[in-house]
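Novice: So the protein sequences, as listed, match chains A and B.
Under our numbering, the first residue of the first sequence carries the number 1, and numbering increases by one thereafter.
Under our numbering, the first residue of the second sequence carries the number 1001, and numbering increases by one thereafter.
2 protein chains.
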Amino acid sequence: MSKELTTRAEDYSKWYNDLVVKADLADHSAVRGCMVIKPYGYSIWENMQKALDKMFKDTGHQNAYFPLFIPKSLFEAEEKNAEGFAKECAIVTHYRLKTDPNNKGKLIVDPEAKLEEELIVRPTSEAIIWNTYKSWIQSYRDLPILVNQWANVVRWEMRTRLFLRTAEFLWQEGHTAHATKEEAIAETKQMLEVYADFVENWMAVPVVKGVKTANERFAGADDTYCIEALMQDGKALQAGTSHFLGQNFAKAFDVKYVTKDNKQEYVWATSWGVSTRLMGALVMSHSDDNGLVLPPKLASIQVVIVPIYKGDEGLAKVSEVANDIKKKLQAKGISVKYDDRDSQRPGWKFAEYELKGIPVRIAIGERDLANGTVEVARRDTLTKETVSIEGIDSLIENLLTEIQNNLFEKAKARTQQLTTKVDSFDEFKKILDEKTGFILAHWDGTSETEEKIKEETKATIRCIPLNNEQETGVCIYSGKPSTQRVLFARAY
Amino acid sequence: MSKELTTRAEDYSKWYNDLVVKADLADHSAVRGCMVIKPYGYSIWENMQKALDKMFKDTGHQNAYFPLFIPKSLFEAEEKNAEGFAKECAIVTHYRLKTDPNNKGKLIVDPEAKLEEELIVRPTSEAIIWNTYKSWIQSYRDLPILVNQWANVVRWEMRTRLFLRTAEFLWQEGHTAHATKEEAIAETKQMLEVYADFVENWMAVPVVKGVKTANERFAGADDTYCIEALMQDGKALQAGTSHFLGQNFAKAFDVKYVTKDNKQEYVWATSWGVSTRLMGALVMSHSDDNGLVLPPKLASIQVVIVPIYKGDEGLAKVSEVANDIKKKLQAKGISVKYDDRDSQRPGWKFAEYELKGIPVRIAIGERDLANGTVEVARRDTLTKETVSIEGIDSLIENLLTEIQNNLFEKAKARTQQLTTKVDSFDEFKKILDEKTGFILAHWDGTSETEEKIKEETKATIRCIPLNNEQETGVCIYSGKPSTQRVLFARAY
């Protein structure tokens, strides 16, 4: 069939791109660096959104919506943040087209419709939001503000890859305002935990929680917390970040509040986000050379039923049983598709649903009917089993839980196997090139050393793990003393 | 209190704007013509989205996501559509800022980062979507495509009003592709019915279903179907449109399919959308001089419970009963807020929840406890009643249904009262100025007459009602013969 994938061993990067396109998750578009998220891919993103949105609301947050555009003067108000994003901004300069006098039926930008002040298409919304919060916050009674936004953002990346790095992407960005530093830090950490919970328990992807070094921090943050995951090729992927913004934005936008004892204080801030990049992490964590492998909790179709039959009469007999099973599964809250199309053969359907990562496939043949059995196939292990129709709803329900757990345990074992403690720079380079993965090594704590290591190896410090074990050691690069190991890797 | 509204009689337009801002639905932003949708307003929009999204999925549609930007060459491909939107487009011309050499800490657009081809921020997505469909559609087996997108769009309107007309707004846009003309027309009509169902049965706003005249048609459509609603001030508001696009986009983007008998045919298209404008319709249909009035099916808080007490002991007693009632109501799927804040007095809370349109308020005083009663107040009628706590959950459940129905019936009676059959142009002008509302009048069917009437009266033909009664008559303007009355009004 034409949907055959490049294998991972052949070319991991091509395998990824092939898979995303052929499994109907997303595709390239006519706009440089922008993708089209296809219905099947979007249905998985919707499941992610639903789970995350509930977690945000359960922790007291509300959704809101702020403008797509940021006037340049607001954009540049928080200087570090502006500097961090200035080089990758889409900029609106005009608000009208007119017909081209020299070219019938064509349009040109109307030079008379030039904006007085350019508008930046949001790469992130701190500036426009903190400018708004200024009018929302007067006293301590107005705090905290716990707001999230689901939105599109644009960062003009030069090298793009479907889901992993695109010029436009979808995300959520939480922006909270607090009376005290302690409360803001607690919020930052809480949201990191929410992200870790989601990525591990829904996406079945194990993560390392940590803090970024000053070099890798979000532009405008005092501290950036992050979760880092390891992909099958041994490269790291930053799956989510939660920033403690200190009073930087409050100062840039002059957002003060009156305390209980009637003093004026600047407000404390956090922001936190995950994006459609998670779709890339999901694909790269679990999938194989046959296609996508989806964790049941995020699959939009959890079970597919394929009939194997001859003639209309055969189909009618099989369908009766299939529809009965479908109903029983749906009653358990399981999402089921019964594919009785006669335009495709069972073998084609098997391959198609393997490619699309449907967790469980049930095949029902005419012969099965006499025996009261069906064939159940697991996508994660590619194993098949003949089981009794009696009690199949409970069996499938348990199987879905087992698959969800198995995917997580498999990814966890891989991450552990690919995490290496290293004590010399030679070993560091060797592991990076040959074994790949996470490397725990001593570092002297300077940006200089961090940059040198990056230049020489393309590895970055992914994070300083939270609750890191303290141990004396020497920096693998400078030989200077160090008190803890940090997490290095080459990253997406 | 400072939250007092301008009354409708005083200044309807100011009343509307006051209400939107003071009830915390939305606010103006630092970006010309763009609004901030505040958490309370957004929670109502989320309820609208949820209901509509389910209706779309129940009719076989899937969500997807297409790029925010449209390259100019694609934008201009369907000429009528391009012409229709050219005058109100935000245009991205550059992709980088740089530090201003003459002004420390400031940024300027980097002239070296000019795009080769300008990008239009989507005012609607037909162009980018049909350019994508070209690669999705080869044969009749790929049809129909039934896709919807939830997105932000930008139309550079010169005169903006919160929700009703903003430069950026949120909407959904369905874009479907079909093998036959009949199927596409059936889809167009089906989605009009979905919209009418939603607006009438969820928003409690009665609508007239109809077809636009050629003048008022969507740019690029062969036919535009619409639903029109009448606001309290007698002005019409277009609440949703569903377009039969013929083969216009298929031809512009060369999208053909192979039929069953192996012929090449152009694909037939529809598109349909509703936007955050519906929030404006919701506000203007039901609200009064005390504030918002929300239909229970869209209210994010359906019932608020306010305790009336003295001292901590009093609060404890009332809270026990209040929490018990809250639980019972929640068990019925009713969304309840118990406001036991001690920072505000009951009177303040009553006014606040009236302003915010909470359908039902339950007040519980210490005296009530002895009697086993509470006070139940309806927002729609502003009436109060003392009721027994026994069976209150069923009582409230029925009351919410009653309020939903009452709001619809009230709006329907108003619309009927404000719909006038008129047979002369003098009467037409008099009714428009004095009575206002919908006017049913004979029209000769020409664009010329339609434009003249618009010039002289600012009234437009809102639609030719579906299933219109056929009757002979003469055009109120030209005196030429006519076979049916059409619906005129001044509109938002």
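Here a beta-carbon is modelled for each residue, glycine too, at the ideal position from N, C-alpha and C.
#1: State the start and end residues of the unbroken alpha helix (DSSP H) segment that holds Asn406 of chain A.
#2: Does the region 1128-1145 of chain B touch the region 67-80 of chain A, meaning 3 or more C-beta pairs lie closer than 8 angstroms?
#3: Figure out for me which residue from B:Lys1134, B:Gln1247, B:Ala1179 and B:Val1293 has the closest Cα to the Cα of Asp1261 of chain B.
#4: Using beta carbons (cut-off 8 angstroms, strictly below), is Pro1101 of chain B in contact with chain A?
#5: What does DSSP give as the partner residues of Trp202 of chain A in its beta bridges?
#6: Report yes or no: is there a C-beta of chain B within less than 8 angstroms of the C-beta of Phe66 of chain A?
#7: Suppose only complete runs of 3+ residues qualify. What are the beta strand (DSSP E) ranges in the region 1072-1119 of chain B, listed by chain order?
#8: Could you run through the region 220-251 of chain A and flag, in chain order, every residue whose CB is less than 8 angstroms away from some CB of chain B?
#9: Give me the Cα-Cα distance between Val154 of chain A and Gln238 of chain A, rounded to the nearest whole angstrom.
#10: Do the region 1436-1445 of chain B and the region 1320-1340 of chain B make contact, defined as three or more Cβ pairs closer than 8 angstroms?
#11: Name the residue from B:Gln1172, B:Gly1033, B:Glu1010 and B:Arg1122 whose alpha carbon lies nearest to the alpha carbon of Phe66 of chain A.
#12: Should Met158 of chain A go down as buried or exposed, given a rule of 16 or more other Cβ atoms within 10 Å for buried?
#13: How many Å lie between Leu19 of chain A and Gly41 of chain A at the Cα?
#14: In terms of residue numbering, what span does the alpha helix (DSSP H) encompassing Lys543 of chain A cover?
#15: Quickly, what does DSSP pair Gly1473 of chain B with across the bridge? List them, please.
#16: Considering Asn1017 of chain B, what are the terminal residues of the alpha helix (DSSP H) in which it resides?
#17: In this structure, does DSSP put Asn1152 of chain B in helix, strand or coil?
#18: Please report the straight-line C-alpha distance between Gly1479 of chain B and Leu1440 of chain B, rounded to a whole angstrom.
#19: How far does the alpha helix (DSSP H) with His28 of chain A in it reach, from first residue to last?
#20: Determine, for Gln1417 of chain B, whether the minimum Cβ-Cβ distance to residues of chain A falls below 8 angstroms.
#21: When the cut-off is 8 angstroms and only beta carbons count, does Val154 of chain A lie next to chain B?
#22: Please go through the region 1229-1259 of chain B and give each complete alpha helix (DSSP H) segment of 4 or more residues, from N-terminal end onward.
#23: Give a yes or no on whether the C-beta atoms belonging to Ile137 of chain A and Val255 of chain A are separated by under 8 angstroms.
#24: Who are the near neighbours of Gly291 of chain A in its chain, counting only those whose CB is closer than 7 angstroms to its CB and skipping five residues on each side?
#25: Return the first residue and the last residue of the beta strand (DSSP E) that Leu1170 of chain B is part of.
#26: Checking contacts by CB at 8 angstroms: is Ile431 of chain A closer than that to chain B?
#27: Select from A:Thr436, A:Lys435, A:Phe428 and A:Tyr477 the residue whose C-alpha is nearest the C-alpha of Lys452 of chain A.
#28: For Glu168 of chain A and chain B, any beta-carbon pair shorter than 8 angstroms?
#29: Taking only beta-carbon positions, decide if Pro1296 of chain B is within less than 8 angstroms of chain A.
#30: Does the structure place the region 1306-1326 of chain B close enough to the region 1272-1287 of chain B that three or more beta carbon pairs sit under 8 angstroms?
#31: When you compare only the Cα positions, how much space is there between Leu1329 of chain B and Asn1323 of chain B?
#32: Listed from N- to C-terminal order along the chain, which residues in the region 1096-1124 of chain B have their beta-carbon within a distance smaller than 8 angstroms of any beta-carbon of chain A?
#33: Which same chain residues, not among the five before or five after Glu1366 of chain B, have their C-beta less than 6 angstroms away from its C-beta?
#34: Select from B:Lys1410, B:Gly1060 and B:Lys1209 the residue whose C-alpha is nearest the C-alpha of Asp1197 of chain B.
#35: What number of angstroms, rounded off, separates the C-alpha of Thr1472 of chain B from the C-alpha of Asp1423 of chain B?
#36: Give me the chain A residues within the contact set of Glu979 of chain B, using Cβ-Cβ distance strictly less than 7 angstroms, ordered along the chain.
Specialist: Let me lay it out:
#1: As a first step, residue 406 of chain A is located in the first sequence; it is residue number 406 there, counting from the start. Unbroken alpha helix (DSSP H) run through Asn406 of chain A: Ile392 to Gln417.
#2: no
#3: Numbered from its first residue, the second sequence carries residue 1261 of chain B at position 261. Per the Cα distances, B:Ala1179.
#4: Within the second sequence, the letter at position 101 stands for residue 1101 of chain B. It does not: the Cβ of Pro1101 of chain B has no partner Cβ on chain A nearer than 8 angstroms.
#5: Along the first sequence, one-based indexing puts residue 202 of chain A at 202. DSSP, once it has assigned bridges, lists no residue as partnering Trp202 of chain A.
#6: Within the first sequence, residue 66 of chain A is the residue found at index 66, counting from 1. Yes, because at least one Cβ of chain B sits closer than 8 angstroms to the Cβ of Phe66 of chain A.
#7: 1091-1094, 1097-1099 and 1107-1109
#8: none
#9: By 1-based counting over the first sequence, the position of residue 154 of chain A is 154. By 1-based counting over the first sequence, the position of residue 238 of chain A is 238. Looking at the two C-alpha atoms, the distance is approximately 18 angstroms.
#10: no
#11: As a first step, residue 66 of chain A is located in the first sequence; it is residue number 66 there, counting from the start. Closest by alpha carbon: B:Gly1033.
#12: On the first sequence, position 158 is the one that residue 158 of chain A refers to. Per the 10 Å Cβ criterion, exposed.
#13: The residue given as residue 19 of chain A occupies position 19 in the first sequence. The residue given as residue 41 of chain A occupies position 41 in the first sequence. Answer to the nearest angstrom: the Cα atoms are 11 angstroms apart.
#14: Residue numbering for chain A in the displayed model covers 1 to 492; residue 543 of chain A lies beyond these limits and cannot be assessed.
#15: Locating residue 1473 of chain B in the second sequence gives position 473, where the first residue counts as 1. Its beta-bridge partners are B:Ser1482.
#16: Within the second sequence, the letter at position 17 stands for residue 1017 of chain B. Element bounds for Asn1017 of chain B: Tyr1012 to Lys1022.
#17: Here residue 1152 of chain B is taken as the residue at index 152 of the second sequence, counted from 1. Three-state DSSP puts Asn1152 of chain B in a strand.
#18: Locating residue 1479 of chain B in the second sequence gives position 479, counting from the first residue. Locating residue 1440 of chain B in the second sequence gives position 440, counting from the first residue. So the two alpha carbons sit approximately 15 angstroms from each other.
#19: For the purposes of this step, residue 28 of chain A is identified with residue 28 of the first sequence, where counting begins at 1. No alpha helix (DSSP H) contains His28 of chain A, which is instead part of the beta strand (DSSP E) from Ala26 to His28.
#20: Counted from its first residue, the second sequence places residue 1417 of chain B at position 417. Judged by the 8 angstroms Cβ criterion, Gln1417 of chain B is not in contact with chain A.
#21: Position 154 of the first sequence, counted from the start, is the residue given in the question as residue 154 of chain A. Interface residue, yes.
#22: 1248-1252
#23: Start at 1 with the first residue of the first sequence, and residue 137 of chain A comes out as number 137. Start at 1 with the first residue of the first sequence, and residue 255 of chain A comes out as number 255. In this structure, Val255 of chain A lies closer than 8 angstroms to Ile137 of chain A by Cβ.
#24: Counted from its first residue, the first sequence places residue 291 of chain A at position 291. Within the same chain, Gly291 of chain A has close Cβ partners Leu5, Leu19, Ala23, Glu354, Leu355, Lys356 and Gly357.
#25: Here residue 1170 of chain B refers to the residue found at position 170 when the second sequence is read from its first residue. Glu1168 to His1178 is the extent of the beta strand (DSSP E) around Leu1170 of chain B.
#26: As a first step, residue 431 of chain A is located in the first sequence; it is residue number 431 there, counting from the start. Cβ-Cβ to chain B under 8 angstroms: no for Ile431 of chain A.
#27: As a first step, residue 452 of chain A must be located in the first sequence, where it is residue number 452. Nearest C-alpha to Lys452 of chain A: A:Tyr477.
#28: Here residue 168 of chain A corresponds to residue number 168 of the first sequence, with the count starting at 1. Taking Cβ atoms only, chain B reaches closer than 8 angstroms to Glu168 of chain A, which makes this a yes.
#29: Taking the first residue of the second sequence as 1, we reach residue 1296 of chain B at position 296. Judged by the 8 angstroms Cβ criterion, Pro1296 of chain B is not in contact with chain A.
#30: no
#31: As a working mapping, residue 1329 of chain B is identified with position 329 in the second sequence. As a working mapping, residue 1323 of chain B is identified with position 323 in the second sequence. Cα to Cα, the separation comes out at about 10 angstroms.
#32: Arg1096, Leu1097, Lys1098, Thr1099, Gly1105, Lys1106, Leu1107, Val1109, Glu1118, Leu1119, Ile1120 and Val1121
#33: Numbered from its first residue, the second sequence carries residue 1366 of chain B at position 366. Result list for Glu1366 of chain B: Tyr1309 and Gly1314, in chain order.
#34: As a first step, residue 1197 of chain B is located in the second sequence; it is residue number 197 there, counting from the start. Nearest C-alpha to Asp1197 of chain B: B:Lys1209.
#35: Start at 1 with the first residue of the second sequence, and residue 1472 of chain B comes out as number 472. Start at 1 with the first residue of the second sequence, and residue 1423 of chain B comes out as number 423. If you take the alpha carbons of Thr1472 of chain B and Asp1423 of chain B, they lie about 12 angstroms apart.
#36: Given that chain B is displayed from residue 1001 to residue 1492, the structure contains no residue 979 of chain B and the question cannot be resolved.
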